[in-house]
Each structure stands twice: as structure tokens, then as C-alpha cells.
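Heads up: the structure comes next, in C-alpha cells.
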Amino acid sequence: MALLCDPCWNAYANQLAIEEGATAPPQAEPDPDDITSYEPPTCSDCGAAVRHYPTNYDRWVYLAVEDLPAKDVAPRHRWRLQTKRGWYSQVLVEMIVAVRIRGIEPLPSDPVRPAHRAVCLSPEAVQETEQERAADPE
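Here this note's numbering is used: the first residue of the sequence shown is 13, the next is one more, and so on.
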């Protein structure tokens with residue numbers, strides 16, 4: 013396996029993020045001294061609650077709150093959540109990362125986590141999802 017320099021890795025990861033729809037901004041680290049209330053992230057288009065996850069290539073994606081059967085989610089929007097152990101840590105730390113499903117198609121009843129864009133109620137997102145379903149050969 014080849015190692016990439018930082019500029020090459022960033023170019024590759026950015027292109028992959030655009031293709032997969034992982035274009036959410038990084039999650040801000042809360043200040044431990046800040047006592048203001050925390051509100052979970054919401055979609056700027058429809059106002060629904062979303063979950064903010066890091067991907068396995070250091071980018072961020074907004075996913076739906078619940079899993080759906082694979083048959084109800086377009087292949088472009090199928091994700092799974094994986095537990096990853098922290099590297100080089102003295103303390104056992106596990107973090108959850110989002111991994112896009114590719115290569116092996118899940119069974120129609122397998123649970124997948126859809127990208128929020130696939131379940132967003134904004135008119136643009138609904139139209140985009142309908143066009144993808146019409147173009148999908150499944």
C-alpha cells in the first residue's frame with residue numbers, strides 16, 4: 013500500500029468526500045468552561061435532527077437518526093457505523109466512524125444508516141432522491 017504526502021492525501025480525501033456527500037463541516041469541540049446549553053445539530057434545509065459523524069478518511073457527514081432497510085435507501089446514500097479503536101492511546105478509547113457501503117451490496121432487509129440528504133424533506137433533496145431512484149438499475 014502506498015503512502016501519500018499530506019497535499020496528495022487531502023486532495024484524494026476531498027474528492028472522495030464530494031463523491032460520497034461527506035461535505036459536513038467538522039464538529040466543533042465544546043469548550044469545557046462553556047456552560048451554555050448544547051443543542052444537537054439540525055438540517056439547515058428542513059430543520060430535522062441529524063447525526064454528525066466522522067468518516068474513515070477524516071471528513072464529516074450528516075446521517076439520519078435511525079437505520080432503514082437497504083431496499084429503502086439509494087445505494088449512493090448507504091452508510092454503516094463502525095467502532096474504531098483510538099491509535100497510540102494509553103487509554104482504551106473507541107470512536108464511531110461512518111463508512112460508506114461499497115463493493116458488496118447489502119441484502120434488502122439489512123439495516124443501513126442513510127445519509128440525511130436521502131431522507132431530507134426539503135423540495136430540492138426530495139427531487140434529487142427521486143431522480144436517483146429513477147436512474148438506479150435495482
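Built from N, CA and C at the ideal position, the CB exists for glycine as well. Owing to the predicted nature of the structure, the values given are computational and were not obtained by experimental measurement.
query: Stretch-stretch touch, CB-based, cutoff 8 Å, three pairs: the stretch 42 to 50 with the stretch 133 to 144; result: no
query: For A60, three-class secondary structure by DSSP; result: coil
query: Nearest residue (CA-CA) to C55, options A25, A127, Y24; result: A127
query: DSSP state of Q139 mapped onto helix, strand, coil; result: helix
query: Secondary structure of V131, DSSP reduced to three states; result: helix
query: Proximal residues to H64 (C-beta, below 7 Å), its chain only, five neighbours per side dropped; result: A36, Q39, P53, W72, Y74
query: Identity of the residue in E31, G59, R88, I30 nearest R125 by Cα; result: R88
query: Residue range of the unbroken beta strand (DSSP E) whose run includes Y74; result: 72 to 75
query: Bridge partners - Q158, DSSP secondary structure assignment; result: This structure does not reach residue 158, given that the chain is present from 13 up to 150, and the question cannot be answered.
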